[in-house]
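Asks:
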């Protein structure tokens, strides 16, 4: 009962969940616990199509049987929660907590909110061409400000830890929150009575209860949630961790070069770049990386926190380590990768595990990994293209078998001639163009240069994805003269970059491009001329 | 029913007099039918009444003991036609479906049934899917009751009220020779509560009795001169009889209150919501005592004019709480008061919105608005704190639409369709009802219209041209057997359509809970299944028929291309096969666990994405949309976009890998196969591989380490 009340009243509980999370089972447990504790209990839901992974809501009301007997009448229990009239809301996913708050179910005067901090991303968030994830921190902030009390914990992690289902943890968290009108033991008893997967469910229940009981307001979970900040649009030098200390003298020399020639604030990101390119190709290639950054450094200054240098260093390291066949094959054959796969699929250590990789090379990939003198004509002639076509298409390679492994290693070995390959020739030219643009822009419009540096993130992926990204990158680069006629070309580029990541077919991007260039028709014609 | 067992629910049906029933509303209805001496039950599944069908399908033994006939009808029309048994014989019969969609399908039989009139009590149990989350168009059953003159019960959402309504429904039907609809809102169907059971009753008259002495009454036939006679009978005999029954048996409730100059008329189904709203406004006590007089319509059609007039007399104004539109009850109330020359003001739509569900806050605000005008003194100067859902939430909380389940066989089909459109350009897709309706949402965005169950193919009829671009229709196996075979396929043959129809053959009526259908691959007790969709299609004259396995996307794409381009005339029908994953899991999981425990070799596949080669473009997600294919923070400090990842719920269907191949996406996908109880040779070979590959891996690892 809520303190300070003498008249028995209806206790109202809403469960915000996703279809498939076991909300029905949880509801039944709560009903059984309530009835065993002397309550009249009622529950409703609207499962329907929401069963299929959509957002769904269960609603329960409890009333003390003794109160009904004293009154000589049955209480009238409602089938839907009233905004502002709910005692306890439990959400088995963070955004569902947000949705419950949006519906006005959580209010400062009375509602305890028990929420899982984990995320099940929505299809909209996952479909973004870049980072489309919703901001968890906002929801947690609102929760802290809106609920009478917030109990936040990662229920999904606890469920997994105990190899149980999230509904057990939710029930535990409810019991541990102390906000139910009956004792937690009744909940535990309800699980026991249901009898299935008892040991795991009880362990998960107990874990949820302990965690909820311990968290007064659960800053901890909130902190944990904050530990993964949303990626910043533009890199800041402080955002990078240092690389491990090198032993190899040539690697040491590269790091020494960083500390002698570059600002110390940028040492980490440059170190990561160098480390990556040594791993990708060799020391000389990593040296080239640093040399390429020197002209950028000269255009930059501490007063500007070396933003351009940091952003260029980040992009350049990625671009110079473009994912060619050799790189992919190399990464896939590493021991660490085998171990990671085992961990990801939850394979026991001794358990027999097979790994099959899905590759689908195109003519472009085959020719691209050949030396340019061979790859370029093969790529050009229709006959050779047609012959090579026979080797393309979906391939499944058993990387855990000797022949599959050796085949992958052989592909990895093509890195021997990487720097003279057709693909390298193309990428190298693009990289040089990009760097030249940055160096040219920096003294005239620093902000614009930073934005152009950040555009490297459009160039990513394989096959069509890569071509789409590259085409949009190019379109922005080509629009530069027109954009520079405007008042704020840097924001224009930022806007275009965002638009480029909105949809696959490019409608949004084309519209943004047309809109932003239209403002300065004169400059467009000028640039064309 | 299919792979799910309802043994626990079936036990509830055996409760005897005095025992307490605890369970869901729709199950209480099921029990009430048996307590009422029902002789036959039929219906078509659909939320929120599937449970009634599922439980009875599993309750063969009880039904046999009682001598009750039950069948899963081919459609709502079939179910409605089943009630014909009660025209000539004193058989109590009940049918059920999802309203109003099912009622529309059943309307031909219902109209005729209502005209003929019934001898045995005929109850039509309607699960209403109105309001939040409804997967159908929003319409009222009330209009249907009015046009065919079928009586409509809308009881209070308490289990004992609902159970009583079932009993009263049969009696009302028999007293007025008219079928009766019992409408239950979705929350009432899913309402958990309790009531005190009575014994089940064997039907006093059975189908055997009927067949032993067949009856025939020409005046029940829908032909002149009887049709006119039946119409007259409806208005002159059956209607007054119904009104008499409702009045005498006090189906509607009058609840007195001190504020006698005002009154609220409400549908029984809204009683709990109205009382809660009054309680929150300080006008009711939580046990049903109200300051405003209430007139609760547990029978919403026919309305009892005399009761209305009695309630309104001496009142300044009435508030009609009536969900949905048009406002039939409010219109009738105005007519009654006009005829009685009462000046009581009638309000309904106005304080309440014309359209949409009467949620808790709609009810509260509607009543408040009414009182602000007519009884402001009744309202406390309420000190409610303003409800301001933080504005930031609007942009922070993403929508979460429903989607296809993890491992769903329909996913690769729609991925293939997306890829097909990349090749041939946009195609007109006529969608249908079923799980495949979700293809119209993210990430597939396929489907220009949904016209009704099994009507996907029919809905493309006007778009068959002699040109070279063909329309594409989707139809589920459920919809196919429901009516699509005739309304869609046979129609397309007859009219020489040139389009493509894909029939999604997943083995179950999956969207409604996995019920068996004629083409289910099951040993279904009391049913004949395993009928071939392809044979049925050929049987009505389709020449171009292809069957495919949806998980094989390469083949699927090939067949789709062929269907869109073949020179063969006439409709092209593709039977897209792949067993519903939910039901397959239910079927195979216990089997695999048993195998694993008995030491047999069991392999489990799990898909994954290599985070270090994934660049975070998510094309794979846009093409597949699998709930299990998600994203996680990019482990690469230089990259920003989250990488794709497969979560623990992966069932190893392999679609993500197929998509990666078919769309030539990226080399990041892999699958790992975990083997339990491998054989000796397999273990030895794998050990050998591990040693050899491990050696090579360590060597290159050393080399890499030395470079840094």
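Residue numbers (my numbering), protein chains in the order written: chain L, 305 to 833; chain U, 5 to 712.
Quick reminder that beta carbons are idealized off the backbone N, C-alpha and C, glycines included.
All of these numbers come straight from a predicted model, not from anything done at the bench.
1) Can you give the beta carbon distance from residue 481 of chain L to residue 508 of chain L, rounded, assuming they're within the 8 angstroms contact cut?
2) Candidates U:180, U:189, U:290 and U:265: which alpha carbon is nearest residue 250 of chain U's?
3) Note down, in chain order, each residue of its chain lying with its Cβ closer than 6 angstroms to the Cβ of residue 307 of chain U, except the 5 sequence neighbours on either side.
4) By a C-beta neighbour count over all protein chains shown, 10 Å radius and 16 as the cutoff for buried, is residue 380 of chain L buried or exposed?
5) Keeping to the same chain, check which residues put their C-beta closer than 7 angstroms to that of residue 610 of chain L; ignore five residues upstream and five downstream.
6) Checking contacts by CB at 7 angstroms: is residue 749 of chain L closer than that to chain U?
7) Tell me whether residue 381 of chain U is buried or exposed, calling it buried when 16 or more other Cβ atoms sit within 10 Å of its Cβ.
8) Nearest to residue 611 of chain U by CA position, among U:648, U:600, U:417 and U:440, is which residue?
9) In angstroms with no decimal places, state the Cα-to-Cα distance between residue 449 of chain L and residue 367 of chain U.
10) Just curious, the beta strand (DSSP E) that residue 749 of chain U is in, first and last residue?
11) Below 8 angstroms, how does it come out for the region 469-488 of chain U and the region 432-450 of chain U: are there three or more Cβ pairs, yes or no?
12) Listed from N- to C-terminal order along the chain, which residues in the region 324-350 of chain U have their beta-carbon within a distance smaller than 9 angstroms of any beta-carbon of chain L?
13) Quick check on residue 297 of chain U: buried or exposed, where buried means 16 or more other Cβ atoms within 10 Å of its Cβ?
14) Considering only residues of the same chain and omitting the five flanking positions on each side of residue 242 of chain U, which have a CB-CB separation below 8 angstroms?
15) Going by CA-CA distance only, name the one from U:415, U:570 and U:60 that's closest to residue 32 of chain U.
16) Would you give the residue range spanned by the beta strand (DSSP E) that residue 97 of chain U belongs to?
17) If I measure Cβ to Cβ from residue 732 of chain U and keep anything under 7 angstroms in the same chain, skipping five residues before and after, which residues do I get?
18) Quick one: is residue 560 of chain U near chain L, going by C-beta distance under 7 angstroms?
19) Could you check if residue 551 of chain L is buried or exposed, using at least 16 other CB atoms within 10 Å of its CB as the buried criterion?
20) For residue 23 of chain U, is the classification buried or exposed, using 16 other Cβ atoms within 10 angstroms of its Cβ as the cut-off for buried?
21) Give the secondary structure of residue 343 of chain L by DSSP, where H, G and I count as helix, E and B as strand, and everything else as coil.
22) Sorry if obvious, but does the Cβ on residue 604 of chain L come closer than 6 angstroms to a heavy atom of the ligand COA?
23) For my contact list, residue 544 of chain U and residue 574 of chain U are in at a C-beta cut-off of 8 angstroms; report their separation, rounded to the angstrom.
24) Tell me the rounded alpha-carbon separation between residue 607 of chain U and residue 678 of chain U.
25) As a quick exercise: from L:726, L:635 and L:384, pick the residue whose alpha carbon is nearest that of residue 676 of chain L.
26) Determine the DSSP secondary structure at residue 155 of chain U, reduced to helix, strand or coil.
27) Using the Cβ count rule (16 or more neighbours within 10 Å means buried), how would you classify residue 707 of chain L?
28) Using beta carbons (cut-off 7 angstroms, strictly below), is residue 712 of chain U in contact with chain L?
29) Taking only the alpha-carbon atoms, compute the straight-line gap between residue 558 of chain U and residue 664 of chain L and give it to the nearest angstrom.
30) If the cut is a Cβ gap below 9 angstroms, which residues of chain U does residue 667 of chain L touch?
31) For residue 664 of chain L, return the contacting residues in chain U, with the cut-off set at a CB-CB distance below 9 angstroms.
32) Using a Cβ-Cβ cutoff of 8 angstroms, what residues of the region 358-369 of chain U are near chain L? List them in chain order.
33) Would you say residue 421 of chain U faces chain L, with C-beta separation under 7 angstroms as the test?
34) Is DSSP giving residue 660 of chain L helix, strand or coil here?
35) Taking only beta carbons into account, state which residues of the region 473-495 of chain L come closer than 9 angstroms to chain U, listed in chain order.
36) Going by CA-CA distance only, name the one from L:394, L:667 and L:361 that's closest to residue 686 of chain L.
Replies: For this structure:
1) At roughly 16 angstroms, the Cβ-Cβ gap does not stay under 8 angstroms, so residue 481 of chain L and residue 508 of chain L are not in contact.
2) U:180
3) 336
4) buried
5) 541, 567, 569, 570 and 604
6) no
7) exposed
8) U:648
9) 28 angstroms
10) The requested residue 749 of chain U is not part of the displayed model; chain U covers only 5 to 712.
11) yes
12) none
13) buried
14) 121, 153, 180, 181 and 182
15) U:60
16) 97-103
17) Beyond the ends of chain U as shown, which are 5 and 712, falls residue 732 of chain U; an answer cannot be given.
18) no
19) exposed
20) exposed
21) strand
22) Ligands in the displayed structure: none, and consequently the ligand COA is not present.
23) Between residue 574 of chain U and residue 544 of chain U the Cβ distance is about 11 angstroms, and since that is not below 8 angstroms, they are no contact.
24) 6 angstroms
25) L:726
26) strand
27) exposed
28) yes
29) 13 angstroms
30) In chain order: nothing, as chain U lies at least about 11 angstroms away.
31) 664, 665, 666, 667, 668, 669, 670 and 671
32) 363, 364, 365 and 368
33) no
34) strand
35) none
36) L:667
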